[in-house]
Amino acid sequence: MDRNPTHDRGGAGTGTIDFAQRFAGSETFRTLFREGMGLVEETAAYLDGPGRSESRDLTRTGSLVYATESMRLTTRLMQLASWLLLQRAVNDGEMTQAQAGQEKSKVRIDGPTTARTGPGWDEVPDMLKQLIERSVRLQERIRKLDAAIYGGEREAAPNPVFAQLGKLNQVFGSGN
1 MDRNPTHDRG GAGTGTIDFA QRFAGSETFR TLFREGMGLV EETAAYLDGP GRSESRDLTR
61 TGSLVYATES MRLTTRLMQL ASWLLLQRAV NDGEMTQAQA GQEKSKVRID GPTTARTGPG
121 WDEVPDMLKQ LIERSVRLQE RIRKLDAAIY GGEREAAPNP VFAQLGKLNQ VFGSGN
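Taking UniProt numbering, the leading residue of the sequence shown gets 1, the next gets one more, and so forth.
Shown next, in the form of structure tokens:
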């Protein structure tokens, strides 16, 4: 058996291990999937319930930090959930790894970040801080798995603003 750590991207007979296929069907992935989706549900329940009540008691600065961080948290979790759902679709045979690779270019598992310091941060409720910390740890695990599955090759999603600016530049020229 070839012990080369490269990933078989669909080439038959290469003798390499297809980490993506093995991982997607593993109990490790199923556990990660349950943890990720559970964190999404737990966060939604907190933000809709106790978090909403706790945020009313914050100062103006604290409220701004709470709103910003809860938005970052939900954005991060939705991106991570999208990644997990893509991998599950591969596992369930609903799409190929190549298709998932194309779709995942729309998923941003690298952001947004959380400062965790600064004015108002000390007012953020402990439960929100814990959810943020757990989401950051989940994000790091998924980043590592993404690099292992896809070889660290992340093609940036096309930026529609840059595309439109490029078209305008072609039509009107740079003017310089």
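Backbone N, C-alpha and C define an ideal beta-carbon position, used for all residues, glycine too.
Report yes if the C-beta distance between S55 and Y46 is below 7 Å; otherwise report no.
Position 55 of the sequence shown, counted from the first residue, corresponds to residue 55. Position 46 of the sequence shown, counted from the first residue, corresponds to residue 46. Cβ atoms of S55 and Y46: not closer than 7 Å.
On the criterion of 16 or more Cβ atoms from any shown chain inside 10 Å, does V104 qualify as buried, or is it exposed?
Stepping through the sequence shown from its first residue, residue 104 is reached at position 104. Note that residue 104 is Lys in the sequence shown, not Val. By the 10 Å Cβ count, K104 comes out buried.
Round the Cβ separation of T61 and P125 to the nearest angstrom and send it over; I've been treating them as touching at under 8 Å.
Stepping through the sequence shown from its first residue, residue 61 is reached at position 61. Stepping through the sequence shown from its first residue, residue 125 is reached at position 125. The pair is not a contact, with the Cβ atoms about 14 Å apart (cut-off 8 Å).
Any idea what DSSP makes of A115, helix, strand or coil?
If you number the sequence shown from 1, residue 115 lands on position 115. Residue state, collapsed to three classes: coil.
Report yes or no: do the stretch 125-140 and the stretch 73-81 share at least 3 C-beta pairs separated by less than 8 Å?
Contact between the stretch 125-140 and the stretch 73-81 is present, because at least three Cβ pairs lie under 8 Å.
Distance, Cα to Cα, D146 vs A100?
Numbered from 1 along the sequence shown, position 146 holds the residue referred to as residue 146. Numbered from 1 along the sequence shown, position 100 holds the residue referred to as residue 100. Spanning the two alpha carbons is a distance of roughly 11 Å.
Since M37 contacts A81 with CB under 8 Å, what's their CB separation in whole angstroms?
Here the question's residue 37 lines up with position 37 in the sequence shown. Here the question's residue 81 lines up with position 81 in the sequence shown. M37 to A81, Cβ: 7 Å. Contact.
Which residues bound the alpha helix (DSSP H) around S53?
By one-based count along the sequence shown, residue 53 stands at place 53. Looking at the DSSP string, the run of the alpha helix (DSSP H) that includes S53 is 50-55.
Are the beta-carbon atoms of I132 and T117 separated by less than 7 Å?
For the purposes of this step, residue 132 is identified with residue 132 of the sequence shown, where counting begins at 1. For the purposes of this step, residue 117 is identified with residue 117 of the sequence shown, where counting begins at 1. Against a cut-off of 7 Å, the Cβ pair of T117 and I132 comes out as no contact.
Can you tell me the Cα-Cα spacing of S53 and L77, whole angstroms?
Counting from 1 along the sequence shown, the entry for residue 53 is found at position 53. Counting from 1 along the sequence shown, the entry for residue 77 is found at position 77. Computed Cα separation, rounded: 22 Å.
Just to confirm before moving on: does the CB-CB distance between L39 and R137 stay below 7 Å?
Counting from one through the sequence shown, the residue named residue 39 turns up at place 39. Counting from one through the sequence shown, the residue named residue 137 turns up at place 137. No, the Cβ-Cβ distance between L39 and R137 is not below 7 Å.
Write down the C-beta distance between R143 and I109 rounded to the nearest angstrom, noting that I regard them as a contact closer than 8 Å.
Residue 143 sits at position 143 when you count from the first residue of the sequence shown. Residue 109 sits at position 109 when you count from the first residue of the sequence shown. The Cβ separation is near 6 Å, so the contact holds.
Going by DSSP, what residue range makes up the alpha helix (DSSP H) through D146?
Looking up residue 146 in the sequence shown gives position 146. Residues 126-150.
Look at residue 236 and Q139 and say whether their C-beta atoms are less than 7 Å apart.
Since the displayed the chain opens at 1 and closes at 176, residue 236 lies outside it and no answer follows.
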